[in-house]
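Chemist:
Residue numbers (the numbering used here): 1 to 138.
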């Protein structure tokens with residue numbers, strides 16, 4: 001009986017591990033950063049996590065010549081949005097001026113820029129069956 005349970009657990013683990021490896025890759029490029037100081041951090045969000053918490057996947061990179069390229073691996077089909085931040089002082093959050101305006105660069109998928117905070121509906125995109133390449137402007 002113990003061997004049967006171990007076999008079932010192993011099979012399920014192998015199956016789930018294999019299915020995640022077949023996810024989609026999303027490559028994000030930003031080429032208009034104002035300096036190489038700090039890091040560029042990106043979060044992949046669902047509608048439920050957008051502007052409320054960390055993303056379901058998070059990646060960060062150093063910046064070279066005002067450019068950065070990151071990838072989100074093994075993304076399952078669905079609807080998502082990406083938020084990006086140029087965290088100049090590397091404190092892990094967006095910094096604001098006294099009047100509430102952001103003082104660090106940021107961007108969203110679809111390059112949705114509006115007055116006020118980013119909106120999921122403007123930033124969302126679909127992941128289906130092909131890898132994606134997105135260019136985000138900060």
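Glycine residues also receive a C-beta, built at the ideal position from the N, C-alpha and C atoms.
Assess, as a yes-or-no matter, whether the region 34-47 is touched by the region 67-85 under the definition of 3 or more beta carbon pairs within less than 8 angstroms.
Modeler: A contact exists between the region 67-85 and the region 34-47.
Chemist: Identify which residue in 59, 71, 49 has its Cα closest to the Cα of residue 132.
Modeler: Checking every option, the nearest Cα to that of residue 132 belongs to 71.
Chemist: Which word fits residue 108, buried or exposed, when buried means at least 16 other C-beta atoms lie within 10 angstroms of its C-beta?
Modeler: By the neighbour-count rule (16 or more Cβ atoms within 10 Å), residue 108 is buried.
Chemist: To which residues of the same chain is residue 143 closer than 6 angstroms at the C-beta, ignoring the five residues directly before and after it?
Modeler: Here the chain has residues from 1 to 138 only, and residue 143 is not among them.
Chemist: Buried or exposed for residue 92, going by 16 or more other Cβ atoms inside 10 Å?
Modeler: Residue 92 comes out exposed.
Chemist: By DSSP's criteria, residue 30 is part of a beta bridge. Which residues make up the other side?
Modeler: DSSP lists 68 as partners of residue 30.
Chemist: Report the partner residues of residue 81 according to the DSSP bridge assignment.
Modeler: Paired residues: 45.
Chemist: DSSP three-state label for residue 4, please.
Modeler: Annotation note: pLDDT 34 at residue 4 (below 50); position unreliable, coordinate value reported separately. Note: residue 4 maps to helix in three-state DSSP.
Chemist: With DSSP as the reference, label residue 144 as helix, strand or coil.
Modeler: For residue 144 there is no data in the structure shown, the boundaries of the chain being 1 and 138.
Chemist: Exposed or buried, which one is residue 18 when buried takes at least 16 other CB atoms within 10 Å?
Modeler: For residue 18, the pLDDT reaches just 41, beneath the cut-off of 50, and the residue's location in the model is therefore unreliable, leaving the point undetermined.
Chemist: Thinking C-beta only, is residue 25 closer than 7 angstroms to residue 69?
Modeler: No; because the gap between Cβ atoms is not below 7 angstroms, this pair is not in contact.
Chemist: Tell me the DSSP secondary structure of residue 124 in three-state form.
Modeler: In this structure, residue 124 counts as coil in the three-state DSSP scheme.
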